[in-house]
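For the record, in the sequence shown the residue sitting at position 442 is 1184 according to the working numbering, with numbers rising by one throughout.
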Amino acid sequence: MMRHWRDQLDFLILCALLILIALGGGSAFADTLSLIYVRLAAVAALVAFALTPAQAQWRTFCVPVILLVLLAVLITIQLVPLPPSIWSALPGRAPYLEAAAGLDGIQPWRPLSLTPDLTVNSLVSLVVPAAVLVGFVKLTADQRRWLVVAFILLCIASMAIGVAQVAGGKNSVLYTYKRTYEGTAVGLLANRNHQGALLAALFPALRVWTLFPVSDQRWARRRFWLAVAIGIVAVPVLLATGSRAGILLGVASLVVTLLLFAPNRAQRAGAWPSPLQARALQIGIPALLVVLVLATWWFGRALSIQRLVGGAPSLEDDLRFRFAPLVVHIIERTFPVGTGFGSFDPIFRQYEPDAILIDSYFNHAHNEVLEILLTAGAAGAVLLTLFVAWWVVSVIRALRDTANPARRLALLGGMVTGILMAASLVDYPLRTPLLGAWFAIGCGWLCVRNADAVAKATTLP
743 MMRHWRDQLD FLILCALLIL IALGGGSAFA DTLSLIYVRL AAVAALVAFA LTPAQAQWRT
803 FCVPVILLVL LAVLITIQLV PLPPSIWSAL PGRAPYLEAA AGLDGIQPWR PLSLTPDLTV
863 NSLVSLVVPA AVLVGFVKLT ADQRRWLVVA FILLCIASMA IGVAQVAGGK NSVLYTYKRT
923 YEGTAVGLLA NRNHQGALLA ALFPALRVWT LFPVSDQRWA RRRFWLAVAI GIVAVPVLLA
983 TGSRAGILLG VASLVVTLLL FAPNRAQRAG AWPSPLQARA LQIGIPALLV VLVLATWWFG
1043 RALSIQRLVG GAPSLEDDLR FRFAPLVVHI IERTFPVGTG FGSFDPIFRQ YEPDAILIDS
1103 YFNHAHNEVL EILLTAGAAG AVLLTLFVAW WVVSVIRALR DTANPARRLA LLGGMVTGIL
1163 MAASLVDYPL RTPLLGAWFA IGCGWLCVRN ADAVAKATTL P
């Protein structure tokens, strides 16, 4: 009995950490109070993982671990003080030299980052995905598959809270973050686009869950229909988020899921529905989805569709494209060294001309490629390129490795990370601890096809 609990210890610690992250890690703002306990919990989890007896499979998961370490090293380098002769020669530093010259002319040693406090916050924020990734590395093959169930439960909880938020109106107590989208189904997150990305990733998770082999075929059938029901319920909730990016990602996710995860021979023989049931699914589910979409739209809850076809863009989306040329201009002024991680907001306000001043805020570029180029320069671009190259190669290998049962989990990891990366082209979901943590897990899933133990796993949810 004691040995059984010891074997489960890392999994229980990781699940407890993921619960705390879900409760307080839905916002990307640095002044969010709940980030204090989320980060402290991540530090405690790291210490606990170091003390547990299970061996970590570092070789299998070395690439995402190394890339995360390189990111931490890059941020740390931005905090190293530089002598005035070097610092003053860096691109984009002239205005600060002029300001210092107007005071007493003394040039102190300064770090590369123009906002060291915000860069320190960026470095500290890495403790959450680091703790999750370390915990994932120490799990067994079956425990990594159980995380698929944990992800589905997270999405269900976020959907339920989102429905309650909409039902409670803009003043609902379930909107737990200071800066959020009142009146929309943001769920456990503060941003509707982030909720939309989370729900888009639910569809492949449901499909992979139904493909796990089990000995009881009756449970396999029930599990299949339960997954179908959850997926159907997710559609109107996704529409109620008000996220246009979310609905586009959701449609793409459904299509790719159906193409990637076709039923195998064993499922056709037992767990997969009979020909009559399959025909009913092919006709009934699309019809039901159409009815749900129309009903949601009719009752004024399909904010995603209304914003998608409504014509005039919202202020947020208008600013996203209006300010892109200015962001590119700042990149040109500060490249190749950048301005420091976390510095976008104050640096953008420094360059913002009076002609485009508004009473709203533009705290991020809403395009992570542009923001990385601005804040991290050429080094950030190289690191991003390395990650994307690894992701592409890993997905291609998983697609080709048809004989390995672990490929489904690897493809799920590819889809979850791919959806979040696509969402990062129009927003900043990975800056939230919640989605950053599951991005780390997705990277871990993408590696499991290399682990021999995964293919031998038999005890499944």
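All C-beta atoms, glycine included, are put in the ideal place defined by N, C-alpha and C.
If you're wondering where the values come from, they're calculated on a predicted model, not measured in any experiment.
Task: Limits of the unbroken alpha helix (DSSP H) element including R1150 - done: Per DSSP, the continuous alpha helix (DSSP H) segment holding R1150 begins and ends at R1149 to A1165.
Task: Classification of N935 by the beta-carbon crowding that lies within 10 angstroms, buried from 16 upward - done: Using a 10 angstroms sphere on the CB of N935, the tally of other CB atoms reaches 16 or more, which defines it as buried.
Task: Cβ pair count under 8 Å reaching 3, the segment 957-977 against the segment 917-932 - done: With a cut-off of 8 Å, the segment 917-932 and the segment 957-977 do not count as touching, because too few Cβ pairs lie within range.
Open item on the list: L809 and F1086 - do their beta-carbons sit closer together than 7 Å?
Closed with: Contact flag unset, no.
- [ ] Could you pull the start and end residues of the alpha helix (DSSP H) that D884 belongs to?
- [x] It spans A883 to G910 - the alpha helix (DSSP H) in which D884 sits, taken as one unbroken run.
Open item on the list: Which residue wins for smallest C-alpha separation from P1067, given the options T1081, P1078, A1107 and V1079?
Closed with: Distances from the CA of P1067 to each of T1081, P1078, A1107 and V1079 were compared; the closest alpha carbon is that of A1107.
Task: alpha helix (DSSP H) segment containing Q797, residue limits - done: Membership of Q797 in any alpha helix (DSSP H) is not indicated, and neither H nor E is assigned to it by DSSP.
Task: 4-residue-minimum alpha helix (DSSP H) runs that sit fully inside the segment 827-885, ordered along the chain - done: Entirely contained in the segment 827-885, the alpha helix (DSSP H) runs reaching 4 residues are, in chain order, 836-843, 858-867 and 869-879.
Open item on the list: Once the 5 residues before and after A931 are set aside, which same chain residues still bring their CB inside 6 Å of it?
Closed with: Note that residue 931 is Leu in the sequence shown, not Ala. Same-chain partners within the cutoff: G768 and Q937.
Open item on the list: Could you tell me the alpha carbon to alpha carbon distance between P1095 and L860, rounded to whole angstroms?
Closed with: C-alpha of P1095 to C-alpha of L860: approximately 23 Å in a straight line.
Task: Under the three-state DSSP convention, the category P823 falls into - done: In the structure shown, P823 adopts extended strand secondary structure according to DSSP, grouped into three states.
Task: Cβ-Cβ separation, P871 to G1119 (assumed contact under 8 Å), whole Å - done: About 22 Å; that fails the 8 Å criterion.
Open item on the list: Give me the residue from R1150, E1113, T882 and M1157 with the minimum Cα distance to V1168.
Closed with: Of all alpha-carbon atoms in R1150, E1113, T882 and M1157, the one lying nearest the alpha-carbon of V1168 is that of E1113.
Open item on the list: Excluding the 5 residues flanking T952 on each side, which residues of the same chain have their C-beta closer than 7 Å to its C-beta?
Closed with: Within the same chain, R965, F966 and A969 come within 7 Å of T952 by CB-CB distance, once the 5 residues on both sides are set aside.
Task: 7 Å Cβ cutoff met for V1190 and A1145 - done: In terms of Cβ geometry, V1190 and A1145 do not form a close pair [threshold 7 Å].
Task: For F796, the nearest candidate out of V879, A902 and F1104 (CA to CA) - done: The amino acid at residue 796 is misidentified as Phe; the sequence shows Ala. Per the Cα distances, V879.
Open item on the list: So, with DSSP's three-state summary, where would you put D958?
Closed with: The answer is coil: DSSP assigns D958 none of H, G, I, E or B.
Open item on the list: Counting C-beta neighbours from all protein chains within 10 Å, is the total for P823 16 or more, i.e. buried, or is it exposed?
Closed with: The residue is exposed, with fewer than 16 neighbouring Cβ atoms inside 10 Å.
Open item on the list: Measuring alpha carbon to alpha carbon, tell me which residue in A758, L865 and W800 is nearest A786.
Closed with: Nearest neighbour of A786 by Cα position, chosen from A758, L865 and W800, turns out to be A758.
Open item on the list: Cutting at 6 Å between CB atoms, please list the residues of its own chain near R1173, excluding the five before and the five after it.
Closed with: Answer for R1173: A770, listed in chain order.
Task: Three-state class that DSSP yields for T774 in the structure shown - done: Here T774 sits in coil by DSSP.
Open item on the list: Taking the beta carbon of N913 as the centre, do at least 16 other beta carbons fall within 10 Å, making it buried, or is it exposed?
Closed with: Label assigned to N913: exposed.
Task: Cβ pair A1123, L1115 closer than 7 Å - done: Yes, the pair counts as a contact, with Cβ atoms nearer than the cut-off.
TODO: Report yes or no: is there a C-beta of chain C within less than 7 Å of the C-beta of L916?
DONE: Considering every chain present, this structure includes no chain C. It has just one protein chain.
TODO: Could you have a look at R921 and say whether DSSP puts it in helix, strand or coil?
DONE: Here R921 sits in coil by DSSP.
Open item on the list: Looking only at its chain, what residues have a beta carbon closer than 8 Å to the beta carbon of Y779, apart from the 5 residues adjacent to it on each side?
Closed with: So the list reads L762 and G766, once near-sequence residues are dropped.
Task: Nearest-angstrom Cα separation, counted from G1084 out to T857 - done: Near 8 Å, if we compare the C-alpha coordinates of G1084 and T857.
- [ ] Use the C-beta contact count for G1080: other C-beta atoms within 10 angstroms, 16 or more gives buried, fewer gives exposed.
- [x] Counting C-beta atoms within 10 angstroms of its own C-beta, G1080 has 16 or more neighbours from the protein chains shown and is therefore classed as buried.
Task: Where A994 sits in the DSSP three-state scheme - done: For A994, the secondary structure class from DSSP, reduced to helix, strand or coil, is helix.
- [ ] May I ask you to report which of helix, strand or coil DSSP gives R801?
- [x] If DSSP states are grouped into helix, strand and coil, R801 belongs with coil.
Open item on the list: If you reduce the DSSP assignment to three classes, tell me which class Y1170 lands in.
Closed with: In the three-state DSSP reduction, Y1170 falls in the coil class, being neither helix nor strand.
TODO: Look up D1143 in the DSSP assignment and say whether it is helix, strand or coil.
DONE: The answer is coil: DSSP assigns D1143 none of H, G, I, E or B.
Open item on the list: Quick check on DSSP: helix, strand or coil for L756?
Closed with: Of the three classes helix, strand and coil, the one that applies to L756 here is helix, per DSSP.
Task: Whole-number beta carbon distance between R781 and V862, since they are thought to touch under 8 Å - done: With 8 Å as the limit, V862 and R781 do not qualify as a contact, their Cβ atoms being about 12 Å apart.
Open item on the list: Quick check on the burial criterion: 16 or more other C-beta atoms within 10 angstroms. Buried or exposed for D958?
Closed with: Only exposed fits D958, as fewer than 16 other CB atoms lie within 10 angstroms of its CB.
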